[in-house]
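Taking my numbering, the leading residue of the sequence shown gets 1, the next gets one more, and so forth.
Here a beta-carbon is modelled for each residue, glycine too, at the ideal position from N, C-alpha and C.
Read through the structure below, which is laid out as structure tokens, and then see the notes.
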Amino acid sequence: MKSYRYRLDDSSRKFECPQCRKKRFVRYKDYQAGTYLPEEFGRCDRESSCGYFKDPYNHGYANRETSFSRSDHNFQEIPKPTDYISQKYFRASLKGYKRNKFVQFLRSLFDIDTVRNLIDTYNIGTSRHWEGATVFWQIDIQGNIRTGKVMLYKSNGHRVKVPYPHIHWVHSLVYDSYHLEQCLFGEHLLTGDKTVPIAIVESEKTAIISSAYFPEFIWLAAGAKSNLKSQRCKSLMGRSVTLFPDLGAFEDWQEKAEGLSYFCDITVSDLLEKNATRRDKEQGYDLADYLVQYGVREFINGGEPAPTKFDVELNDKGYPASWDTET
1 MKSYRYRLDD SSRKFECPQC RKKRFVRYKD YQAGTYLPEE FGRCDRESSC
51 GYFKDPYNHG YANRETSFSR SDHNFQEIPK PTDYISQKYF RASLKGYKRN
101 KFVQFLRSLF DIDTVRNLID TYNIGTSRHW EGATVFWQID IQGNIRTGKV
151 MLYKSNGHRV KVPYPHIHWV HSLVYDSYHL EQCLFGEHLL TGDKTVPIAI
201 VESEKTAIIS SAYFPEFIWL AAGAKSNLKS QRCKSLMGRS VTLFPDLGAF
251 EDWQEKAEGL SYFCDITVSD LLEKNATRRD KEQGYDLADY LVQYGVREFI
301 NGGEPAPTKF DVELNDKGYP ASWDTET
């Protein structure tokens, strides 16, 4: 019987699933080298509610080119080049905001100009994979589109998790074989003034909302608590960075900050940990959960009230519908 080099880990160890975020993920292991494959390769045990499965043989990893170094007689693998999403998929998503549930939630928080600015700044997209779904594009500092995370929200800003977490990836939807190297969400914003401080949170939603309340920062998102890794943070070289972990993740991100401190000036905010109630901690609140309790203009200007709901009609491109008749 043929013994495959890349096989699912036969130990009892489980990891966080890249799709449903539950710690029920079995990763593929290189049994020749004794190391795990990149974290996207594996199978989620939650077959009925999640079903994520990506194996290295049908998704390109096992077909990488190899070379033999005559100088040291070591067998070396040449990493496969990073793949990128075609611009046509990206451009096609930049519409449909009238049915985009996440954009509708932003409209309940901010005035029309702020919503339009957030859409443009973060290239918020719309997907037909689920009706009303949002695409959070990962665009690196060179402008390459690494992937897009497709997520479905309710109009109140909460994710749809029943009957299963509604999370998917554009590269899995449009390509049969794709070598993914993720970057930080919002990394494309780092091309300007390098003295502007950076703030990093876990979710894309929180980064977008926080940017309206604290415009003095460039807001990025790791995408998941476990995604704050040095290989994904190279664009932070020499920058001033503050981490804002979700409740319950403070110690974990403190540890991760130590691993990033050799190439950037990094601190971890304990703002939530110091002010959270027991209920807040049980709910796993993040920064946005607190910020949305305040009108953004009231928050920034220290007292000026702001409405919490706007009845301005958006056209399909996210602009006020009245603009359609203007010359």
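What would DSSP say about residue 127, mapped onto helix, strand or coil? Within the sequence shown, residue 127 is the residue found at index 127, counting from 1. Of the three classes helix, strand and coil, the one that applies to residue 127 here is strand, per DSSP.
Going by other Cβ atoms of all chains shown within 10 Å of its Cβ, with 16 needed for buried, is residue 147 buried or exposed? Counting from 1 along the sequence shown, the entry for residue 147 is found at position 147. Burial call: buried.
Identify which residue in 296, 216, 145 and 185 has its Cα closest to the Cα of residue 179. Locating residue 179 in the sequence shown gives position 179, where the first residue counts as 1. Out of 296, 216, 145 and 185, 145 has the C-alpha closest to the C-alpha of residue 179.
Have a look at 265, 182 and 132 and flag the residue whose alpha-carbon is nearest the alpha-carbon of residue 198. In the sequence shown, residue 198 corresponds to position 198, counting from 1. That would be 265, whose Cα lies nearest to the Cα of residue 198.
Spatially closest choice to residue 163 from 13, 12, 6 and 20, by CA coordinates: Counted from its first residue, the sequence shown places residue 163 at position 163. Cα-wise, what sits closest to residue 163 is 20.
Is residue 59 buried or exposed, if buried means 16 or more other CB atoms sit within 10 Å of its CB? To locate residue 59, count along the sequence shown from 1; it is residue 59. Flag for residue 59 reads buried.
Taking the alpha helix (DSSP H) that residue 199 belongs to, which residues open and close that run? Here residue 199 refers to the residue found at position 199 when the sequence shown is read from its first residue. Careful: residue 199 lies outside any alpha helix (DSSP H), inside the beta strand (DSSP E) at 198 to 201.
Residue range of the beta strand (DSSP E) that residue 113 falls in? Working through the sequence shown from its first residue, we reach residue 113 at position 113. Segment 112 to 122 is the alpha helix (DSSP H) holding residue 113; no beta strand (DSSP E) there.
Own chain, CB closer than 6 Å to residue 250, minus 5 neighbours either side, in chain order: Here residue 250 is taken as the residue at index 250 of the sequence shown, counted from 1. Excluding residues within five positions, the ones whose Cβ falls inside 6 Å are 273.
Rounded C-beta distance between residue 213 and residue 268? I'm assuming under 8 Å. Counting from one through the sequence shown, the residue named residue 213 turns up at place 213. Counting from one through the sequence shown, the residue named residue 268 turns up at place 268. The Cβ separation is near 19 Å, so there is no contact.
Can the beta-carbon of residue 6 be found closer than 7 Å to that of residue 45? Sequence index remark: in the sequence shown, residue 6 carries index 6 (1-based). Sequence index remark: in the sequence shown, residue 45 carries index 45 (1-based). No, Cβ-Cβ distance for residue 6 and residue 45 is not below 7 Å.
When burial is assigned at 16 or more other CB atoms within 10 Å of the CB, is residue 134 buried or exposed? Taking the sequence shown and counting its residues from 1, the one referred to as residue 134 is at position 134. Burial of residue 134 is indicated by the presence of at least 16 other C-beta atoms within 10 angstroms of its C-beta.
Own chain, CB closer than 6 Å to residue 225, minus 5 neighbours either side, in chain order: Taking the first residue of the sequence shown as 1, we reach residue 225 at position 225. Closer than 6 Å at Cβ, skipping near neighbours: 202 and 249.
Can you round the beta-carbon distance between residue 28 and residue 42 to whole angstroms, since I take them to be within the 8 Å contact cut? Translated into the one-based positions of the sequence shown, residue 28 becomes position 28. Translated into the one-based positions of the sequence shown, residue 42 becomes position 42. At roughly 6 Å, the Cβ-Cβ gap stays under 8 Å, so residue 28 and residue 42 are in contact.
Please report the distance separating the alpha-carbon of residue 218 from that of residue 32. Taking the first residue of the sequence shown as position 1, residue 218 is located at position 218. Taking the first residue of the sequence shown as position 1, residue 32 is located at position 32. Cα to Cα, the separation comes out at about 43 Å.
Please identify the residue among 182, 300, 205 and 123 whose C-alpha is closest to the C-alpha of residue 39. On the sequence shown, position 39 is the one that residue 39 refers to. Nearest C-alpha to residue 39: 182.
Residue 62 to residue 56 span [Cα, whole Å]: What you label residue 62 is simply residue 62 of the sequence shown in a count that begins at 1. What you label residue 56 is simply residue 56 of the sequence shown in a count that begins at 1. Going by the C-alpha atoms only, they are around 5 Å apart.
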